[in-house]
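Residue numbers (full-length UniProt numbering): 1 to 141.
Reviewing the structure listed below.
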């Protein structure tokens, strides 16, 4: 049913997205699907990497580590944006097409009243693409 699962990754917050990563591992194994980890970075130094090239290397290393967990093929796609915060949703929507994903699995937060004015990233991605989007909420703890 699915052959390529796209997963937006924030390398600065890996522990927070662990439930999403486990969901992706399970789905990838079930569907024998490739997992494409997508990261968005600025073209200026940031908390994760000083350059887009360094960011790409870290994203690739992360993907290879995750492949050891779920055993499925992995790929990465780095998006360099002049304003990652403002451009994130549009960049992710374009990445779905660029990588040829047929499923997107991404973390989200529990619904809040502010979502009426400013929808979550996952909500916007889901309403502006024709592929399935699986939103994973954080575990209660």
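Every residue, glycine too, gets a C-beta built ideally from N, C-alpha and C.
Quick one: measure Cβ to Cβ for residue i and residue j, integer angstroms, because I've assumed they're closer than 8 Å.
i, j, result
"residue 5", "residue 80", "With 8 Å as the limit, residue 5 and residue 80 do not qualify as a contact, their Cβ atoms being about 23 Å apart."
"residue 126", "residue 36", "That belief does not hold up - the Cβ atoms of residue 126 and residue 36 are roughly 18 Å apart, past 8 Å."
"residue 59", "residue 17", "With a Cβ gap of about 14 Å, residue 59 and residue 17 do not count as contacting."
Just to confirm before moving on: does the CB-CB distance between residue i and residue j stay below 8 Å?
i, j, result
"residue 85", "residue 129", "no"
"residue 131", "residue 77", "no"
"residue 124", "residue 89", "yes"
Using a Cβ-Cβ cut-off of 8 Å (strictly less than) and excluding sequence neighbours within five positions of residue i, which residues of its own chain qualify?
i, result
"residue 27", "2, 5, 33, 103, 105, 134"
"residue 98", "77"
"residue 45", "51"
"residue 122", "106, 107, 108, 133, 135"
"residue 74", "34, 35, 36, 37, 63, 64, 66, 67"
Between the alpha carbons of residue i and residue j, how many angstroms are there, rounded?
i, j, result
"residue 137", "residue 57", "28 Å"
"residue 50", "residue 25", "29 Å"
"residue 119", "residue 91", "With a pLDDT of only 49 at residue 119, under 50, the local geometry of the prediction cannot be trusted, and the value read off the model is given with reservation. Using only the alpha carbons, I get a separation of about 16 Å."
"residue 42", "residue 96", "19 Å"
"residue 63", "residue 7", "10 Å"
"residue 14", "residue 47", "13 Å"
"residue 108", "residue 139", "11 Å"
"residue 53", "residue 12", "16 Å"
"residue 29", "residue 61", "20 Å"
Only counting the same chain, and skipping five residues up and downstream in sequence, which positions put a Cβ closer than 7 Å to that of residue i?
i, result
"residue 40", "79, 81, 84, 88, 91"
"residue 55", "39, 41, 48, 49, 78"
With three or more beta-carbon pairs closer than 8 Å as the criterion, would you say the stretch 19-28 touches the stretch 58-72? The stretch 19-28, when compared against the stretch 58-72, does touch it at the 8 Å Cβ threshold.
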